[in-house]
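What follows is a set of notes on a single structure, which appears directly below.
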Amino acid sequence: MTTARWVIVAAVLAVGLAIAWTARPQPQTAAERVDRISAELRCPVCQGLSVQDSPSETARSMRALVAQRVAEGRTDDEIRAEFVRSYGDWILLEPPLLSVGGLVWLAPLAAIVLGAALAWSRARAPAPIAVVAGPTDEELGRLRELVASEPE
Amino acid sequence: MSWGDIGAGALRAALALALWGLGAAAYAAWKRDARALASARLVAIGAFVLVLIADLAMVGALTAHDFSLVYVAENNALETPTFYSAISLWAALAGSILLWTLILAGAVVWVALRGTRSLPRLATVALAVLFAMLAFFLALVVTAAADPFTRLAADQIPADGNGPNALLQNHPFMALHPPLLYLGYVLTSVPFAYAIAALILGETTDRWLTETRKAALASWALLGVGIVAGAWWSYAVLGWGGYWAWDPVENAAIMPWLTATAYLHSVMVEEKRRLLRTWNIALVIATFALTILGTFLTRSGVVNSVHSFTQSAIGPLLLGYFVAILVVGVGLLLYRMDDLADRGSVGAPLSREAIFLFQNVLFVAATLTVLLGTIYPLIAEALSGAQLSIGAPYFDRVEVPIGLALLFLMGIGPQLPWHGASRATLERQFTAPAIAAAAGAAVAVVSGMAGWAPVLTYALAAFVTATVVQEFVRGVRARHTLHGEPAPTAFVALFRRNGRRYGGYVVHLGIVIAVVAIATSQARTTELEQTLAPGDAMDVAGYHITFAGLRDIAEPQRATTAADLVITGNGASLHLHPGLVQYPNTESAIGSPGIAAGSRDDLYTILAAYDGTGHAWATIRVRVIPLVSWLWAGGAVVGFGALLAALPPPKRRPVAVAVRVADAVGAE
Amino acid sequence: MSRIARYAAVALILGLAAVLTLAFARDPHDIKTGTVGKPAPAFALPSLTGSATVSLDQYKGKIVVLNFWSSWCIPCKQENPALTDVWERYRGTDVVLIGIVFQDSADAAREYTARLGNTWASALDGDGRMALSYGVFGPPETYFIGADGIIAGRHIGPIDEQTLMTGIETLRAKSATR
Numbered sequence: 000m001t002t003a004r005w006v007i008v009a010a011v012l013a014v015g016l017a018i019a020w021t022a023r024p025q026p027q028t029a030a031e032r033v034d035r036i037s038a039e040l041r042c043p044v045c046q047g048l049s050v051q052d053s054p055s056e057t058a059r060s061m062r063a064l065v066a067q068r069v070a071e072g073r074t075d076d077e078i079r080a081e082f083v084r085s086y087g088d089w090i091l092l093e094p095p096l097l098s099v100g101g102l103v104w105l106a107p108l109a110a111i112v113l114g115a116a117l118a119w120s121r122a123r124a125p126a127p128i129a130v131v132a133g134p135t136d137e138e139l140g141r142l143r144e145l146v147a148s149e150p151e
Numbered sequence: 000m001s002w003g004d005i006g007a008g009a010l011r012a013a014l015a016l017a018l019w020g021l022g023a024a025a026y027a028a029w030k031r032d033a034r035a036l037a038s039a040r041l042v043a044i045g046a047f048v049l050v051l052i053a054d055l056a057m058v059g060a061l062t063a064h065d066f067s068l069v070y071v072a073e074n075n076a077l078e079t080p081t082f083y084s085a086i087s088l089w090a091a092l093a094g095s096i097l098l099w100t101l102i103l104a105g106a107v108v109w110v111a112l113r114g115t116r117s118l119p120r121l122a123t124v125a126l127a128v129l130f131a132m133l134a135f136f137l138a139l140v141v142t143a144a145a146d147p148f149t150r151l152a153a154d155q156i157p158a159d160g161n162g163p164n165a166l167l168q169n170h171p172f173m174a175l176h177p178p179l180l181y182l183g184y185v186l187t188s189v190p191f192a193y194a195i196a197a198l199i200l201g202e203t204t205d206r207w208l209t210e211t212r213k214a215a216l217a218s219w220a221l222l223g224v225g226i227v228a229g230a231w232w233s234y235a236v237l238g239w240g241g242y243w244a245w246d247p248v249e250n251a252a253i254m255p256w257l258t259a260t261a262y263l264h265s266v267m268v269e270e271k272r273r274l275l276r277t278w279n280i281a282l283v284i285a286t287f288a289l290t291i292l293g294t295f296l297t298r299s300g301v302v303n304s305v306h307s308f309t310q311s312a313i314g315p316l317l318l319g320y321f322v323a324i325l326v327v328g329v330g331l332l333l334y335r336m337d338d339l340a341d342r343g344s345v346g347a348p349l350s351r352e353a354i355f356l357f358q359n360v361l362f363v364a365a366t367l368t369v370l371l372g373t374i375y376p377l378i379a380e381a382l383s384g385a386q387l388s389i390g391a392p393y394f395d396r397v398e399v400p401i402g403l404a405l406l407f408l409m410g411i412g413p414q415l416p417w418h419g420a421s422r423a424t425l426e427r428q429f430t431a432p433a434i435a436a437a438a439g440a441a442v443a444v445v446s447g448m449a450g451w452a453p454v455l456t457y458a459l460a461a462f463v464t465a466t467v468v469q470e471f472v473r474g475v476r477a478r479h480t481l482h483g484e485p486a487p488t489a490f491v492a493l494f495r496r497n498g499r500r501y502g503g504y505v506v507h508l509g510i511v512i513a514v515v516a517i518a519t520s521q522a523r524t525t526e527l528e529q530t531l532a533p534g535d536a537m538d539v540a541g542y543h544i545t546f547a548g549l550r551d552i553a554e555p556q557r558a559t560t561a562a563d564l565v566i567t568g569n570g571a572s573l574h575l576h577p578g579l580v581q582y583p584n585t586e587s588a589i590g591s592p593g594i595a596a597g598s599r600d601d602l603y604t605i606l607a608a609y610d611g612t613g614h615a616w617a618t619i620r621v622r623v624i625p626l627v628s629w630l631w632a633g634g635a636v637v638g639f640g641a642l643l644a645a646l647p648p649p650k651r652r653p654v655a656v657a658v659r660v661a662d663a664v665g666a667e
Numbered sequence: 000m001s002r003i004a005r006y007a008a009v010a011l012i013l014g015l016a017a018v019l020t021l022a023f024a025r026d027p028h029d030i031k032t033g034t035v036g037k038p039a040p041a042f043a044l045p046s047l048t049g050s051a052t053v054s055l056d057q058y059k060g061k062i063v064v065l066n067f068w069s070s071w072c073i074p075c076k077q078e079n080p081a082l083t084d085v086w087e088r089y090r091g092t093d094v095v096l097i098g099i100v101f102q103d104s105a106d107a108a109r110e111y112t113a114r115l116g117n118t119w120a121s122a123l124d125g126d127g128r129m130a131l132s133y134g135v136f137g138p139p140e141t142y143f144i145g146a147d148g149i150i151a152g153r154h155i156g157p158i159d160e161q162t163l164m165t166g167i168e169t170l171r172a173k174s175a176t177r
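Protein chains in written order, with numbering that gives the first Met the number 0: chain A, 0 to 151; chain B, 0 to 667; chain C, 0 to 177.
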């Protein structure tokens with residue numbers, strides 16, 4: 000492999016490592032748990048804002064309730080279920096996977112997979128090109144200039 | 000003659016002219032009749048002038064507080080300042096359609112006068128299409144459902160009106176955001192009209208693409224800037240601390256922008272290699288249809304939204320128009336699909352045209368996802384009665400990966416040659432950008448980002464920046480080698496000789512800035528909410544915020560209670576005054592945030608609640624949002640880049656060729 | 000390929016049109032709550048006037064009309080005459096009206112009650128939890144609880160006398176036939 004290839008591979012690996020490092024499961028503080036759960040609940044008196052974002056009174060009392068339940072040690076599902084009992088499925092900002100709303104997760108995945116497959120099938124390999132003597136520096140310069148000024 | 004008389008009369012006369020123009024243009028195209036075309040041109044000008052008169056009449060009625068008109072009684076009050084009275088033209092549905100119709104009439108004039116001179120046949124058919132659209136909107140504003148000049152019975156005229164919706168008179172920015180968006184929306188009708196004309200006439204050339212290039216770029220840029228302006232308004236005026244909530248109306252604006260972006264890139268493949276022609280027509284139709292769908296979703300009252308100010312009978316009419324557009328557009332496309340089929344293949348997976356094909360797929364997937372998420376609650380309720388919400392968590396989860404994939408394509412696309420790239424080319428092109436990507440990821444980790452998305456965003460942002468810088472360096476070096484130009488001159492010359500390419504690179508840089516701003520502000524915002532008594536303080540992210548007390552401010556049209564905050568720490572020393580504003584016609588108060596913007600972060604303060612009786616306490620919410628100002632800067636760079644991309648290419652030098660031909664001929 | 004494309008395009012357009020047309024049938028402001036049809040959540044809140052506790056099981060077997068209000072809420076003031084009339088009509092029968100004040104201070108609420116001369120019991124939901132357990136959006140909101148303790152229905156926004164009477168009479172008829 001050429002040096003350039005090594006460098007590129009190393010760089011890609013570095014990026015992958017960085018992602019893996021930051022994506023490692025970290026214990027969440029109570030405050031982070033409250034924020035996360037609140038971000039998934041809909042503020043009943045706002046236009047689509049989450050309980051986390053809304054400064055309204057109702058949202059604040061909901062956040063206080065979430066904080067209390069987190070302190071009591073309830074799981075995320077239990078806390079969400081409590082609000083669903085009072086307000087219905089409508090209170091959740093993203094539908095759970097196994098429900099009528101769950102289909103909404105399937106559609107984009109299907110669209111991307113299908114589309115990518117179609118696109119890939121249309122991209123075909125080019126015919127091999129015979130190798131000729133490379134261009135001189137002068138010609139290379141001219142070519143670069145032409146390419147740079149070509150309308151895109 | 001009252002304002003209402005002038006306006007209503009002008010609209011009805013304009014409708015008559017639009018119908019005449021439709022007939023004249025259609026006849027002129029069919030029979031190639033020059034006189035019919037001339038009359039269509041005159042009528043276009045006349046219609047524009049009449050609609051302008053109607054718009055000005057409404058502005059006049061608003062500033063004069065003429066409450067005999069229903070629209071003025073509902074959207075204006077005696078104490079509304081003149082500036083806000085004037086911009087109340089677009090405060091509600093009926094007036095907004097007046098503005099929309101004005102812009103559309105302007106587009107009709109442009110095509111009638113300029114377009115028909117460069118591409119006579121195509122432009123005349125396009126003109127007929129545009130007249131049909133204008134006639135539809137004019138018919139809309141003369142029906143009772145949306146007539147802005149509806150009169151109140153003499154005994155029902157109120158002494159004072161309701162005043163504009165509180166949210167609409169809170170900030171002078173309301174002057175800018177809707178007109179920008181409407182310009183973007185309406186200008187998409189020009190490429191659409193030309194595309195329909197090309198389909199009707201069975202055009203096999205791509206002349207309509209070049210002809211409408213400026214209009215497509217302009218509408219894309221205006222839509223983009225309008226969306227960023229809306230995000231800024233949401234942030235600075237709505238006062239909840241964020242700039243994007245995946246609200247149905249925000250989604251309505253971004254959907255046509257996504258398909259327009261795909262279109263702007265995909266046309267390059269058609270110009271270069273005459274491929275993806277079906278895609279391009281489909282994208283143009285989709286973009287225009289989505290603008291109508293967006294208007295429908297916003298104004299029909301079908302979905303709850305920040306913009307659902309009124310529910311109106313106009314809904315079914317807009318829906319019908321939307322379906323008609325789809326039927327006509329898709330029908331014509333299917334009819335001509337065989338003629339438009341690609342001859343030739345797209346090349347290797349790692350070729351520029353293949354990348355454009357992939358980006359088409361991704362943009363369409365992104366658009367369809369936003370559409371599905373927005374209307375899914377309607378579907379679910381209609382089919383099963385279940386009421387569910389689809390909000391930010393869903394959209395973020397799906398759109399972020401798509402966005403990152405597009406960011407990656409943005410980096411590799413411009414670097415790949417047409418037809419395909421060899422291994423050696425790839426290695427040479429991507430060594431430096433790969434290193435930059437690793438550096439970007441390192442920066443993200445070191446600055447404490449959590450989660451894979453921000454790290455990947457930083458890596459890809461650095462990657463794209465490096466590729467753009469590489470392109471500029473190459474271009475400058477080439478000009479220096481060939482013309483001996485010093486670097487700065489060469490740099491400027493790059494834009495003058497090939498504005499589209501290098502302006503496009505500037506746009507990409509603007510997008511990178513915006514994306515970094517979004518990723519950072521989402522990942523590392525810190526927040527604290529506390530109830531304080533006067534004299535108490537709170538600390539957030541190094542800022543020390545002291546609550547000095549509450550203050551009441553009375554103005555003719557509203558009453559505000561503001562909290563005085565003194566801020567120190569992090570080198571800052573300033574005062575902020577978040578407040579709650581009470582307008583007479585709304586029950587709950589509107590938040591007015593106190594924001595200190597900076598290049599590193601914004602300090603965002605909200606007065607969430609306060610002691611109404613004794614001013615003894617206030618609940619203050621503070622958010623420290625890093626890099627959010629870069630989002631507005633990124634939007635400005637995108638707009639600037641679009642301007643550069645619109646620079647006309649330099650005139651070619653035909654002299655050298657002519658001499659050679661003369662030589663060759665002479666030699667014989 | 001183009002045949003499939005044709006059919007797919009037609010199907011998609013028709014589907015989209017159908018969905019959007021159906022959407023007109025719904026009122027975006029009508030949001031069903033989770034608690035209608037379920038047993039009314041128990042509560043025990045301090046009374047607004049005096050030191051007693053107001054709890055749901057004090058009224059077991061009775062029809063309870065629960066009205067959520069706040070002193071700063073303008074529609075609450077608008078609906079107050081209707082509540083007063085209904086209270087006068089049904090006072091002492093098997094129907095009881097209870098007010099729950101939330102998102103408000105006790106002083107402001109007491110002043111409001113005294114000013115309007117309301118005589119039915121009101122309880123203070125200081126932290127708003129009780130309102131959350133019922134699925135309340137915001138004041139004013141009225142819940143109809145049958146003699147069996149099940150929430151039979153709710154009304155969002157200011158209520159009028161007609162709706163109150165209809166709700167109460169329906170519940171009385173139901174409990175009479177048991």
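Quick reminder that beta carbons are idealized off the backbone N, C-alpha and C, glycines included. These numbers come from a predicted model, not from an experiment.
Asked	Found
Are there 16 or more other CB atoms within 10 angstroms of the CB of residue 643 (chain B), so buried, or fewer, so exposed?	buried
Between the beta-carbon of residue 547 (chain B) and the beta-carbon of residue 630 (chain B), is there less than 7 Å?	no
Listing by chain order, which chain A residues have their CB less than 9 Å from the CB of residue 128 (chain C)?	60, 63, 64 and 67
Given a limit of 7 Å on CB to CB distance, which residues of the region 377-394 of chain B reach chain C?	377, 378, 380, 381 and 386
So, does the CB of residue 531 (chain B) fall closer than 7 Å to a CB anywhere in chain C?	no
Taking Cβ to Cβ, would you say residue 47 (chain A) is nearer than 7 Å to residue 390 (chain B)?	yes
Consider the Cβ of residue 189 (chain C): report whether some Cβ of chain B lies at a distance smaller than 7 Å.	Here chain C comprises residues numbered 0 to 177, so residue 189 (chain C) is not present and cannot be evaluated.
Let me confirm a value: residue 342 (chain B) is counted as buried when at least 16 other C-beta atoms fall within 10 Å, else exposed. Which label applies?	exposed
Interface residues of chain B around residue 88 (chain A) at Cβ under 9 Å?	385, 386, 387 and 388
For chain C, is any of its Cβ atoms less than 7 Å away from the one on residue 329 (chain B)?	yes
How long is the line joining the alpha carbons of residue 668 (chain B) and residue 603 (chain B), rounded to whole angstroms?	Coverage of chain B is limited to positions 0 through 667, which leaves residue 668 (chain B) absent and any answer about it impossible.
What are the residues in the region 132-159 of chain C lying within 7 Å of chain B by C-beta distance?	none
To test your reading of the DSSP string, which unbroken alpha helix (DSSP H) runs of 4 or more residues are found completely within the region 119-152 of chain B?	119-141
Mapping the DSSP letters down to three states, classify residue 436 (chain B) as helix, strand or coil.	helix
What does residue 537 (chain B) pair with, by DSSP beta-bridge criteria?	B:544
Would you verify that the beta carbon of residue 637 (chain B) is, or is not, closer than 7 Å to some beta carbon of chain A?	no
Would you identify the three-state DSSP class for residue 102 (chain B), choosing helix, strand or coil?	helix
Using DSSP bridges, identify the partner residues of residue 563 (chain B).	B:548
Does the CB of residue 178 (chain C) have a neighbour CB from chain A at under 7 Å?	The requested residue 178 (chain C) does not occur in the structure, where chain C is confined to residues 0 to 177.
Consider the Cβ of residue 93 (chain A): report whether some Cβ of chain B lies at a distance smaller than 7 Å.	yes
Can you find a C-beta in chain C that's less than 7 Å from the C-beta of residue 325 (chain B)?	yes
Could you round the C-beta distance between residue 451 (chain B) and residue 57 (chain A) to whole angstroms and report it? I think they count as a contact, below 8 Å.	Contact doesn't hold; Cβ gap of about 34 Å is too wide.
Quick one, which of B:394, B:205 and B:199 has its alpha-carbon nearest residue 330 (chain B)'s?	B:199
Can you tell me the Cα-Cα spacing of residue 186 (chain B) and residue 473 (chain B), whole angstroms?	36 Å
Counting along the chain, where does the alpha helix (DSSP H) carrying residue 265 (chain B) start and finish?	247-272
Name, in chain order, the residues that DSSP records as bridge partners for residue 122 (chain C).	C:46 and C:99
Alpha carbon to alpha carbon, how far is residue 381 (chain B) from residue 6 (chain C)? Give it in angstroms, no decimals.	24 Å
Verify the CB distance criterion: does residue 123 (chain C) have a CB-CB separation below 7 Å to chain B?	no
Classify residue 552 (chain B): buried if its beta carbon has 16 or more other beta carbons within 10 angstroms, exposed otherwise.	exposed
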